[in-house]
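Asker: First to last, the protein sequences are chains A and B. Going by numbering that gives the first Met the number 0, the first sequence opens with residue 0, and the numbers climb by one from there. Going by numbering that gives the first Met the number 0, the second sequence opens with residue 0, and the numbers climb by one from there.
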Amino acid sequence: MSHFPEGSPYDVETRQRLEQDAKDIIARYPQTRSALLPLLHLVQSQDGHITQQGVEFCADALGISQAQVVGVATFYTQYKRAPMGEYHVGVCINTLCAVLGGDEIWESLSEHVGVGHDQATEDGKISLERLECNAACDYAPVMMVNWEFYDNQTPESAKALVDDLRAGRPVPPTRGANGICSFKEASRVLAGFNDGRAHEGVQAGPESVVGVELAKEKGWEAP
Amino acid sequence: MGSTMTTLAPVLTKNWDQADSFTRTAYERNGGYQPLRKALGMEPSAIIDAVKDSGLRGRGGAGFPTGMKWGFLAQGTGKPTYLVVNADESEPGTCKDIPLMMADPHVLVEGVIISSYAIGAHQAFIYVRGEVLHVIRRLRQAVQEAYDAGYLGKDILGSGFDLDLVVHAGAGAYICGEETALLDSLEGFRGQPRLKPPFPAVAGLYGGPTVVNNVESIASVPAIVDRGADWFASMGTEKSKGFGIFSLSGHVTRPGQYEAPLGITLRELLEMAGGVREGHELKFWTPGGSSTPIFTAEHLDVPLDFESVGAAGSMLGTRALQIFDETTCVLRAVLRWTEFYAHESCGKCTPCREGTYWLKQMLKRLEAGQGSEEDLSTLNDIADNILGRSFCALGDGATSPIHSSIKYFREEYLEHFSHGGCPFDHAKSTKWGA
Numbered sequence: 000m001s002h003f004p005e006g007s008p009y010d011v012e013t014r015q016r017l018e019q020d021a022k023d024i025i026a027r028y029p030q031t032r033s034a035l036l037p038l039l040h041l042v043q044s045q046d047g048h049i050t051q052q053g054v055e056f057c058a059d060a061l062g063i064s065q066a067q068v069v070g071v072a073t074f075y076t077q078y079k080r081a082p083m084g085e086y087h088v089g090v091c092i093n094t095l096c097a098v099l100g101g102d103e104i105w106e107s108l109s110e111h112v113g114v115g116h117d118q119a120t121e122d123g124k125i126s127l128e129r130l131e132c133n134a135a136c137d138y139a140p141v142m143m144v145n146w147e148f149y150d151n152q153t154p155e156s157a158k159a160l161v162d163d164l165r166a167g168r169p170v171p172p173t174r175g176a177n178g179i180c181s182f183k184e185a186s187r188v189l190a191g192f193n194d195g196r197a198h199e200g201v202q203a204g205p206e207s208v209v210g211v212e213l214a215k216e217k218g219w220e221a222p
Numbered sequence: 000m001g002s003t004m005t006t007l008a009p010v011l012t013k014n015w016d017q018a019d020s021f022t023r024t025a026y027e028r029n030g031g032y033q034p035l036r037k038a039l040g041m042e043p044s045a046i047i048d049a050v051k052d053s054g055l056r057g058r059g060g061a062g063f064p065t066g067m068k069w070g071f072l073a074q075g076t077g078k079p080t081y082l083v084v085n086a087d088e089s090e091p092g093t094c095k096d097i098p099l100m101m102a103d104p105h106v107l108v109e110g111v112i113i114s115s116y117a118i119g120a121h122q123a124f125i126y127v128r129g130e131v132l133h134v135i136r137r138l139r140q141a142v143q144e145a146y147d148a149g150y151l152g153k154d155i156l157g158s159g160f161d162l163d164l165v166v167h168a169g170a171g172a173y174i175c176g177e178e179t180a181l182l183d184s185l186e187g188f189r190g191q192p193r194l195k196p197p198f199p200a201v202a203g204l205y206g207g208p209t210v211v212n213n214v215e216s217i218a219s220v221p222a223i224v225d226r227g228a229d230w231f232a233s234m235g236t237e238k239s240k241g242f243g244i245f246s247l248s249g250h251v252t253r254p255g256q257y258e259a260p261l262g263i264t265l266r267e268l269l270e271m272a273g274g275v276r277e278g279h280e281l282k283f284w285t286p287g288g289s290s291t292p293i294f295t296a297e298h299l300d301v302p303l304d305f306e307s308v309g310a311a312g313s314m315l316g317t318r319a320l321q322i323f324d325e326t327t328c329v330l331r332a333v334l335r336w337t338e339f340y341a342h343e344s345c346g347k348c349t350p351c352r353e354g355t356y357w358l359k360q361m362l363k364r365l366e367a368g369q370g371s372e373e374d375l376s377t378l379n380d381i382a383d384n385i386l387g388r389s390f391c392a393l394g395d396g397a398t399s400p401i402h403s404s405i406k407y408f409r410e411e412y413l414e415h416f417s418h419g420g421c422p423f424d425h426a427k428s429t430k431w432g433a
């Protein structure tokens with residue numbers, strides 16, 4: 000029994016493209032096996048989740064067994080075992096966000112969308128995840144869409160966000176690119192391929208600069 | 000309180016309010032990459048000495064002296080030396096490295112180049128958690144800009160020094176913040192900690208001598224080279240030198256990043272942040288993330304340096320100050336943290352794998368009001384069997400909320416039992432609650 004869905008076989012063109020990408024990834028590392036995490040992001044950018052096809056591809060590219068690939072792929076939460084939505088929506092439910100309203104957001108959003116943790120809607124548009132801390136606690140409660148920050152959320156803003164995403168209305172992240180890319184496109188960036196959007200968006204959110212602004216107002220400086 | 004109030008001292012955060020701060024143009028406009036030129040004219044050993052003399056201690060939580068860590072590197076192994084930056088910021092409450100890399104990735108890149116030159120590494124990695132897409136974009140762009148300017152690659156600025164830098168995205172695993180788990184992950188394996196010794200300085204990445212340092216530590220290096228060890232050491236306390244980013248979150252009027260000399264107190268920081276949210280009072284807080292034992296209002300004047308926080312029964316950790324007011328149920332907070340540790344336990348060692356599982360089961364029952372005072376002894380007992388018996392610090396960290404919450408809030412546990420459930424209205428704790 001496979002740990003991942005079978006997936007559809009890569010056609011010749013796709014395979015050639017992935018093989019070239021894999022070559023580029025492997026070339027970055029002193030030892031080839033270091034390329035496994037990026038390669039898993041790469042096949043996820045093709046399939047939207049990890050498939051048996053993807054596992055075989057990684058194993059072939061690195062000359063390791065499929066069991067070795069599966070052992071790694073099942074360890075990390077970003078590698079998905081079932082198709083996720085075009086927009087993968089995370090709600091932080093670690094203590095601080097949960098207390099500040101993350102629990103309420105999760106509850107109302109999960110009911111609104113009609114799916115649970117790591118599940119996608121039937122139309123493939125939205126999937127939800129209960130997230131652990133995403134290092135944005137000063138912006139709590141925090142949500143992520145395709146690993147972009149949506150800060151200071153409420154149950155209402157969360158539902159509106161998902162409705163907008165489904166309707167194709169633009170909803171840029173609070174701190175991120177000017178518009179949200181798809182889950183597959185995000186996975187390709189994680190694999191190490193630039194999408195040319197680094198210059199987009201703010202350099203910092205208001206909470207990040209609250210200290211430096213106060214220091215300037217008060218005339219405080221390091222010696 | 001001391002007679003003089005500690006003020007903020009922005010160094011790393013100084014340019015975050017400039018709209019283009021993440022570009023090389025802005026970084027150079029603010030004096031960036033001048034320290035690199037200076038460093039390349041110095042003997043590598045002189046840079047290590049400067050970092051040692053500055054008193055810089057690891058900013059990733061453990062507080063180990065950075066220069067000393069560099070000094071431990073094995074020599075003459077015949078294997079390449081590596082620098083690996085730990086940018087896997089995932090400790091609950093910790094949120095300083097991510098905004099740093101988003102707003103000013105070049106200070107990290109410059110720190111990597113100087114540090115690699117100092118330790119003789121020609122290949123460096125930034126291992127960044129995978130769940131922060133835009134930060135990864137910014138880091139990669141900064142690295143590319145540094146290559147384009149001749150700050151990375153062959154014969155950097157004509158010095159003869161070569162360095163390649165790879166930004167490597169993780170894939171979702173808190174444990175990869177543990178330095179040897181990080182190395183295993185970077186080698187393409189499950190992120191599980193290694194038995195130490197050997198320490199990474201002797202046998203790290205690919206078995207070669209390796210330095211693993213936190214983002215903020217490495218980002219502090221250019222300023223130390225530029226302005227000198229004495230300048231750095233003029234800030235902070237006797238054994239906790241320099242500045243650090245303090246991250247205030249939770250029930251506070253103005254949460255955010257406050258960069259100050261080590262030794263500042265929560266009372267001082269709260270004053271700057273407008274206090275606990277209006278109409279409420281401080282109940283408990285973490286000095287350095289969820290793995291550091293909680294404090295209460297009685298610790299408001301503890302200097303936030305490694306020694307003072309330790310003497311008061313906790314750890315400075317990552318200066319992740321999560322503030323909770325009186326509307327917060329401490330048992331709920333501890334349960335949620337415990338669920339986190341159970342979720343993130345890598346499963347390698349029995350005390351952590353089984354212990355966090357049982358802590359979670361028990362706390363769920365206790366939060367539902369089904370328990371007795373005897374259960375608190377059992378909780379402490381399970382935690383005692385994890386602490387110091389686990390393979391790595393994750394297990395130890397899991398026990399911090401347990402031990403400290405029972406110590407300070409035993410009555411609140413008992414109230415759950417007499418009440419037959421949680422006596423708190425969770426809605427009041429929310430950001431939009433009363």
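Think of the CB as a built atom: it goes at the ideal place given N, C-alpha and C, for glycine as much as any other residue.
Would you please verify whether the beta carbon of B:Pro292 is less than 8 Å from any beta carbon of chain A?
Answerer: Cβ-Cβ to chain A under 8 Å: no for B:Pro292.
Asker: May I have the straight-line CA-CA distance separating A:Lys215 from A:Glu206, to the nearest angstrom?
Answerer: Roughly 15 Å separates the two Cα atoms.
Asker: Please report the residue range of the alpha helix (DSSP H) in which B:Gly243 lies.
Answerer: Not the alpha helix (DSSP H): B:Gly243 falls in the beta strand (DSSP E), residues Phe242 to Gly249.
Asker: In chain A, what lies closer than 9 Å to B:Phe283 by C-beta?
Answerer: Under the 9 Å cutoff, chain A gives no residues; its nearest Cβ is about 11 Å from B:Phe283.
Asker: I want to see whether chain B comes within less than 8 Å of A:Trp219, judged by CB atoms only; does it?
Answerer: Answer yes: the Cβ-Cβ gap between A:Trp219 and chain B drops below 8 Å somewhere.
Asker: Can the beta-carbon of B:Tyr412 be found less than 8 Å from the beta-carbon of B:Leu375?
Answerer: Yes; because the gap between Cβ atoms is below 8 Å, this pair is in contact.
Asker: So with Cβ pairs under 8 Å, would you call B:Phe408 a contact of chain A?
Answerer: No, B:Phe408 does not count as interfacial toward chain A.
Asker: Thinking C-alpha only, which one of B:Phe245, B:Gly370, B:Gly57 and B:Glu280 is nearest B:Ser417?
Answerer: Cα-wise, what sits closest to B:Ser417 is B:Gly370.
Asker: Should A:Asn177 go down as buried or exposed, given a rule of 16 or more other Cβ atoms within 10 Å for buried?
Answerer: By the neighbour-count rule (16 or more Cβ atoms within 10 Å), A:Asn177 is not buried but exposed.
Asker: Where does the unbroken beta strand (DSSP E) through B:Gln122 begin, and where does it stop?
Answerer: First-last of the beta strand (DSSP E) with B:Gln122: Gln122 to Val127.
Asker: By the DSSP assignment, the beta strand (DSSP E) with A:Leu130 in it spans what residues?
Answerer: Unbroken beta strand (DSSP E) run through A:Leu130: Ile125 to Leu130.
Asker: Could you tell me whether any Cβ in chain A is nearer than 8 Å to the Cβ of B:Gly1?
Answerer: With a pLDDT of only 45 at B:Gly1, under 50, the local geometry of the prediction cannot be trusted, and no value is derived from it.
Asker: So, does the CB of B:Val165 fall closer than 8 Å to a CB anywhere in chain A?
Answerer: Yes, B:Val165 counts as interfacial toward chain A.
Asker: Straight-line CA distance for B:Leu107 to A:Glu199?
Answerer: Going from the Cα of B:Leu107 to the Cα of A:Glu199 covers about 20 Å.
Asker: Out of curiosity, what's the CA-to-CA distance linking A:Asp109 and B:Met314?
Answerer: According to the sequence displayed, residue 109 of chain A carries Ser and not Asp. One C-alpha to the other measures close to 37 Å.
Asker: Once DSSP output is grouped into helix, strand and coil, what is the label at B:Ala168?
Answerer: Residue state, collapsed to three classes: strand.
Asker: Going along chain A in order, which residues have a C-beta closer than 8 Å to the C-beta of B:Arg136?
Answerer: Simply Ala176, Val188, Asn193, Asp194, Arg196 and Ala197.
Asker: Under 9 Å between beta-carbons, which chain A residues line up against B:Gln33? List them in chain order, please.
Answerer: Going along chain A, no residue has its Cβ under 9 Å from B:Gln33, so there is no contact; the nearest lies around 17 Å.
Asker: When burial is assigned at 16 or more other CB atoms within 10 Å of the CB, is B:Met0 buried or exposed?
Answerer: Reliability fails at B:Met0, whose pLDDT of 42 lies under 50, so the model's placement of it is uncertain and the value that follows must be treated cautiously. Label assigned to B:Met0: exposed.
Asker: State the start and end residues of the unbroken beta strand (DSSP E) segment that holds B:Leu82.
Answerer: Counting along the chain, the beta strand (DSSP E) containing B:Leu82 begins and ends at Tyr81 to Ala86.
Asker: CA-CA distance, B:Glu258 and A:Gln15?
Answerer: Computed Cα separation, rounded: 50 Å.
Asker: Can you name the residues of chain A whose CB is closer than 9 Å to the CB of B:Leu194?
Answerer: Chain A residues near B:Leu194: none, gap ~19 Å exceeds 9 Å.
Asker: Using only the alpha-carbon positions, how far apart do B:Leu427 and B:Thr326 sit?
Answerer: Checking the sequence shown, residue 427 of chain B turns out to be Lys, not Leu. Using only the alpha carbons, I get a separation of about 6 Å.
Asker: List the residues of chain B that A:Thr153 touches, going by C-beta distances under 7 Å, in chain order.
Answerer: Those are Trp431, listed as they occur along chain B.
Asker: Who are the neighbours of A:Asp102 on chain B, taking C-beta pairs under 8 Å?
Answerer: What A:Asp102 touches in chain B: His425.
Asker: If I measure Cβ to Cβ from B:Leu358 and keep anything under 6 Å in the same chain, skipping five residues before and after, which residues do I get?
Answerer: Answer for B:Leu358: Thr337 and Ile381, listed in chain order.
Asker: Can you give me, in chain order, the residues of the region 56-87 of chain A that have a beta carbon less than 9 Å from any beta carbon in chain B?
Answerer: Answer in chain order: Leu61, Ile63, Gln67, Gly70, Val71, Ala72, Thr73, Phe74, Tyr75, Thr76, Gln77 and Tyr78.
Asker: Kindly indicate if chain A contains any beta-carbon less than 8 Å away from that of B:Lys13.
Answerer: So yes, B:Lys13 belongs to the interface.
Asker: Looking only at its own chain, which residues have a Cβ that is under 6 Å from the Cβ of B:Met101, when we skip the five neighbours before and after it?
Answerer: Excluding positions up to five away in sequence, the list reads Val134 and Arg137.
Asker: Between which two residues does the beta strand (DSSP E) carrying A:Val144 extend?
Answerer: Met142 to Val144 is the extent of the beta strand (DSSP E) around A:Val144.
Asker: What three-state label does DSSP hand B:Tyr257 in the structure shown?
Answerer: Strand.
Asker: Return helix, strand or coil for B:Asp324, following the three-state DSSP convention.
Answerer: Three-state result, B:Asp324: strand.
Asker: Among residues of its own chain, excluding the 5 on either side of B:Glu306, which ones have a beta-carbon nearer than 6 Å to its beta-carbon?
Answerer: Taken in chain order, the residues that qualify are Lys238.
Asker: Does chain B have any CB closer than 8 Å to the CB of A:Leu164?
Answerer: So no, A:Leu164 is outside the interface.
Asker: Among the residues of its own chain, which have a CB less than 7 Å from the CB of A:Met0, if the five just before and after it don't count?
Answerer: Unreliable placement is indicated for A:Met0, whose pLDDT of 48 sits below 50; the coordinate value is still reported in the next sentence. Closer than 7 Å at the Cβ level, and outside the excluded window around A:Met0, lies no residue.
Asker: Enumerate in chain order the residues of its own chain whose CB-to-CB distance from B:Val201 is below 6 Å, with the five nearest sequence positions on each side excluded.
Answerer: Answer for B:Val201: Ala73, listed in chain order.
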